[in-house]
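Note that the sequence shown covers residues 1 to 279 in UniProt numbering. Data first, discussion second: the structure below is written as structure tokens.
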Amino acid sequence: MQSPRVTTPEPPWKTRKSFSRSTLGGQKGFSEIDLKLEMVSQDALRRTLFPLGGLTKDFVKKIAAENRLHHVLQKKESMGICFVGKRNFENFILQYLQPRPGKFISIEDSTVLGTHKGWFLYTLGQRAKISGLREPWYVVEKDGTKGDVFVAPRTDHPALYRDLLRTSRVHWIAEEPPAALVRDKMMECHFRFRHQMALVPCVLTLNQDGTVWVTAVKAVRALAPGQFAVFYKGDECLGSGKILRLGPSAYVLQKGKSRSRAATEGPSDGNGPGRDPTP
1 MQSPRVTTPE PPWKTRKSFS RSTLGGQKGF SEIDLKLEMV SQDALRRTLF
51 PLGGLTKDFV KKIAAENRLH HVLQKKESMG ICFVGKRNFE NFILQYLQPR
101 PGKFISIEDS TVLGTHKGWF LYTLGQRAKI SGLREPWYVV EKDGTKGDVF
151 VAPRTDHPAL YRDLLRTSRV HWIAEEPPAA LVRDKMMECH FRFRHQMALV
201 PCVLTLNQDG TVWVTAVKAV RALAPGQFAV FYKGDECLGS GKILRLGPSA
251 YVLQKGKSRS RAATEGPSDG NGPGRDPTP
């Protein structure tokens, strides 16, 4: 008996809007599929079947309801550590890592605001729970050597925003790397580094070792080393690279400009910026 023939579409499968409802527009219903597949090889994708195809999550839940699969409908979405379940994050991590006490320090004036049990318990952008303080403070930098966590007083503080990062060697899904990037050493595209975040326009600069510099058109909140920057061109997922380095924050750049301006203008006696005293 002849085995059934399995055909695969040509050109090779690529992540498209049918699998990610918010690839360009950021609409609700976005599936995580492209943030999972950006590390898979094109050869593997040629042999991969997607039973749900381009169905949205809401439509799949409708099918589940019609077939009385109530456990599917009642299952809550995971917004924390996948497969760990509902539990205290700090207590869970400290079961595996020894505490490394450190200080919470204000990024603005270096004031020590409190202490913590380990810098590894915090990620950039999250709210820091500092004992004795009612107002919210947010993690903007971490010093793994000293164990200090630097915080800022607002969720939109400029210390949280950066427009430059460098990745590890990029894993490209279809082209290694894209022809346009090889030819011009630069390429316009979009990227994201978190599930459900809107795509950010950027320019990639290719390095000789296969890593890339990513320059965002506008500063992005809470970029963090260790996360993956996933790249898109139109409705196609190109691939991804692990974030290794970050450029200076908007806050650091603002302070640098202020110091530069003050040095250029020189001292003032009240008669106007940079004017020499009247003899």
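We treat Cβ as the ideally placed atom computed from N, Cα and C, and that holds for glycine.
Compare the C-beta of residue i with all C-beta atoms of chain C and state if any pair is closer than 8 Å.
i, result
"Ala-216", "Judged by its chain identifiers, the structure shown contains no chain C, having just a single protein chain."
Excluding the five sequence neighbours on either side, which residues of its own chain have a C-beta within less than 6 Å of the C-beta of residue i, listed in chain order?
i, result
"Glu-141", "Phe-150"
"Val-72", "Ala-64"
"Asp-148", "Gly-102, Lys-103, Ile-105"
"Gly-26", "With a pLDDT of 39 at Gly-26, under the threshold of 50, the modelled position of this residue cannot be trusted; read the value that follows with caution. Counting only Cβ-Cβ distances below 6 Å, and skipping sequence neighbours, we find Ala-198."
Rounded to a whole number of angstroms, what is the C-alpha to C-alpha distance between residue i and residue j?
i, j, result
"Arg-261", "Tyr-251", "15 Å"
"Lys-242", "Tyr-96", "24 Å"
"Asn-207", "Arg-245", "14 Å"
"Ile-130", "Ile-105", "10 Å"
"Ala-216", "Val-230", "13 Å"
"Ala-152", "Ser-249", "12 Å"
"Lys-233", "Gly-54", "19 Å"
"Lys-62", "Ile-107", "49 Å"
"Pro-177", "Pro-201", "19 Å"
"Arg-47", "Val-40", "11 Å"
"Asn-67", "Leu-49", "23 Å"
"Lys-75", "Val-84", "14 Å"
"Phe-89", "Ala-263", "47 Å"
"Asp-143", "Thr-123", "12 Å"
"Gln-98", "Lys-86", "22 Å"
"Arg-259", "Ala-44", "53 Å"
"Thr-145", "Phe-191", "30 Å"
"Phe-92", "Glu-188", "41 Å"
"Arg-134", "Arg-221", "23 Å"
"Trp-172", "Val-203", "16 Å"
"Lys-257", "Glu-175", "40 Å"
"Phe-193", "Leu-94", "26 Å"
"Arg-154", "Ser-168", "31 Å"
What distance in whole Å lies between the Cβ atoms of residue j and residue i, which are believed to be in contact at a cut-off of 8 Å?
i, j, result
"Gly-125", "Leu-160", "6 Å"
"Leu-52", "Val-60", "6 Å"
"Asp-156", "Ala-219", "Rounded, the Cβ-Cβ distance is 11 Å, inconsistent with contact."
"Gly-239", "Val-170", "6 Å"
So, at 7 Å on beta carbons, what are the nonlocal neighbours of residue i in its own chain, with the 5 sequence-adjacent residues on each side left out?
i, result
"Leu-165", "Val-214, Leu-223, Ala-229, Ile-243, Arg-245, Leu-246, Gly-247"
"Lys-185", "Thr-205, Leu-206"
"Pro-158", "Ser-249, Ala-250, Tyr-251, Gln-254"
"Ala-128", "Phe-104, Tyr-122, Trp-137, Tyr-138, Val-139, Val-149, Val-151"
"Asp-109", "none"
Residues in the same chain with beta-carbon distance under 8 Å from residue i, minus the five sequence neighbours each way, listed in chain order, please.
i, result
"Thr-111", "Ile-105"
"Arg-100", "Lys-117, Gly-118, Trp-119, Phe-120, Gly-147"
"Gly-132", "Gly-114"
Minimum length 3: unbroken beta strand (DSSP E) runs contained in the region 133-204: 137-143, 148-152, 161-167, 186-192
Any 3 or more C-beta pairs closer than 8 Å across the region 207-222 and the region 170-184: yes
Segments assigned alpha helix (DSSP H), at least 4 residues, entirely inside the region 57-109: 57-66, 70-74, 89-93
Sequence ranges, alpha helix (DSSP H) only - wholly within the region 212-266, length at least 4: 250-265
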